[in-house]
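**Student:** Quick one: the structure is below, questions incoming.
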Amino acid sequence: MMTAETKTTNEAHMDEDGGLTDDTVVSMNLPHLTFRTRNVEVFYGETQALFGIDLDIFRNQVTALIGPSGCGKSTYLRCLNRMNDTIDGCCVTGIIELDGDDVYDKALDPVHLRARVGMVFQKANPFPKSIYDNTAYGPRLHGLADSKADLDDVVEGSLTKAGLWDEVKDRLDAPGTGLSGGQQQRLCIARAIAVEPDVILMDEPCSALDPIATARIEELMDELRENYTIVIVTHSMQQAARVSQRTAFFHLGNLVESGDTEQIFTKPSDQRTQDYITGRFG
Ligand SMILES: Nc1ncnc2c1ncn2[C@@H]1O[C@H](COP(=O)(O)OP(=O)(O)OP(=O)(O)O)[C@@H](O)[C@H]1O
Ligand SMILES: [Mg+2]
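What the sequence shown shows, in this note's numbering, is residues 1073 to 1354, in sequence order.
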């Protein structure tokens, strides 16, 4: 029997005529389709930044968005949790579905959506509050904990998952802004995780970090994908190759190609992808 869930998933493996593509045959364990985006276009006023983007994002995978500066990676990422809504004059068209729900449905509360689809930015941005209050912020806002003991558990669990608990457990009342850059970024990840999102969007989360802090976050991404779906924008080809299972290459507002990371990095089908990953432009 075909449930709604398997149907949506399988559609991703059909070609234009609804026929099954090669990988359908081998993928009895089809990954679950988390985001389905079709013909996504974004305009900033008169200027078009994204052109007809068709991309699928699968659960429990890390999807890397790569491409030269200005190609639209951040713009695409922000479509997924409606962060573009906050930009004056920005208009998004096309289909963006999260688990089959229309993300742009007027009835959908963007605050709720952003709890399901959390975001971590390039520059760590802890609130000017304690480590505890930073982590407890979302659960308090959404009323996710019934008691102080419950909230303590959520805070400890989130900091543990973000790989920060051991480093901060004795100073939960200290300001979040007093942590090192790498710790602040993990605090922001803990804050995102604390509301139990389905998806974590990360826009160049390591670009301000040293190699050791970067390695720590990369390791964390691999642990987190067991429970979450991750979409990461990165300028580092090595990072994309290390952390992601799927890669999407953007160029001048177009999605040039997307697929298994290994295939994109070893046998890209488009010359522009080849040129970018070999450092010929960008
Ligand atoms: N708030 C905005 N207002 C107007 N134009 C914008 C805005 N944000 C982005 N753009 C434009 O949209 C295009 C895509 O920008 P975007 O920030 O998505 O690129 P990017 O791939 O994330 O680049 P980078 O790697 O430099 O972060 C660019 O031409 C940019 O100038
Ligand atoms: Mg960007």
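C-beta: ideal position from N, C-alpha, C; glycine also.
Should the segment 1283 to 1292 be regarded as contacting the segment 1151 to 1166, the criterion being three or more beta carbon pairs within less than 8 Å?
**Tutor:** The segment 1283 to 1292, when compared against the segment 1151 to 1166, does not touch it at the 8 Å Cβ threshold.
**Student:** Mind checking residue 1353: buried by the 16 CB within 10 Å criterion, or exposed?
**Tutor:** By 1-based counting over the sequence shown, the position of residue 1353 is 281. Exposed, since its Cβ has fewer than 16 Cβ neighbours within 10 Å.
**Student:** Taking 9 Å as the threshold (C-beta atoms), are residue 1149 and residue 1303 in contact?
**Tutor:** If you number the sequence shown from 1, residue 1303 lands on position 231. If you number the sequence shown from 1, residue 1149 lands on position 77. Contact flag set, yes.
**Student:** Straight-line CA distance for residue 1333 to residue 1220?
**Tutor:** The count along the sequence shown starts at 1 and reaches residue 1333 at position 261. The count along the sequence shown starts at 1 and reaches residue 1220 at position 148. C-alpha separation (whole angstroms): 44 Å.
**Student:** When the Cα atoms are used, what is the spatial distance from residue 1339 to residue 1311?
**Tutor:** Numbered from its first residue, the sequence shown carries residue 1339 at position 267. Numbered from its first residue, the sequence shown carries residue 1311 at position 239. Their backbone Cα atoms lie some 18 Å apart in a straight line.
**Student:** In angstroms, rounded to a whole number, what distance separates the CA positions of residue 1196 and residue 1247?
**Tutor:** Within the sequence shown, residue 1196 is the residue found at index 124, counting from 1. Within the sequence shown, residue 1247 is the residue found at index 175, counting from 1. Distance between the alpha carbons of residue 1196 and residue 1247 is about 14 Å.
**Student:** May I ask you to report which of helix, strand or coil DSSP gives residue 1282?
**Tutor:** Position 210 of the sequence shown, counted from the first residue, corresponds to residue 1282. Three-state DSSP puts residue 1282 in coil, outside helix and strand.
**Student:** Exposed or buried, which one is residue 1159 when buried takes at least 16 other CB atoms within 10 Å?
**Tutor:** As a position in the sequence shown, residue 1159 is number 87, starting the count at 1. It counts as exposed.
**Student:** With 16 as the cutoff for other CB atoms within 10 Å, does residue 1098 come out buried or exposed?
**Tutor:** Position 26 of the sequence shown, counted from the start, is the residue given in the question as residue 1098. Low confidence applies to residue 1098: its pLDDT is 48, below 50, so where it sits in the model is not reliable, and the reading given next is rough at best. Residue 1098 should be labelled exposed.
**Student:** Which residues does DSSP pair with residue 1147 in a beta bridge?
**Tutor:** Translated into positions along the sequence shown, residue 1147 becomes position 75. DSSP output for residue 1147 lists no bridge partner at all.
**Student:** Applying the 10 Å Cβ sphere with the 16-neighbour rule, what's the burial state of residue 1183?
**Tutor:** Residue numbering aside, residue 1183 sits at position 111 when the sequence shown is read from its first letter. The residue in question, residue 1183, is exposed, as its Cβ has fewer than 16 Cβ neighbours within 10 Å.
**Student:** Within the structure, which residues are defined as neighbours of ligand 2 by a Cβ-heavy atom distance below 7 Å, reported in chain order?
**Tutor:** Per the Cβ criterion, the list is 1145, 1146, 1275, 1276, 1305.
**Student:** Looking at the structure shown, is residue 1194 part of a helix, part of a strand, or coil, going by DSSP?
**Tutor:** As a first step, residue 1194 must be located in the sequence shown, where it is residue number 122. Correct three-state label for residue 1194: coil.
**Student:** Residue 1273 bridges to which residues according to DSSP?
**Tutor:** Residue numbering aside, residue 1273 sits at position 201 when the sequence shown is read from its first letter. 1191, 1303.
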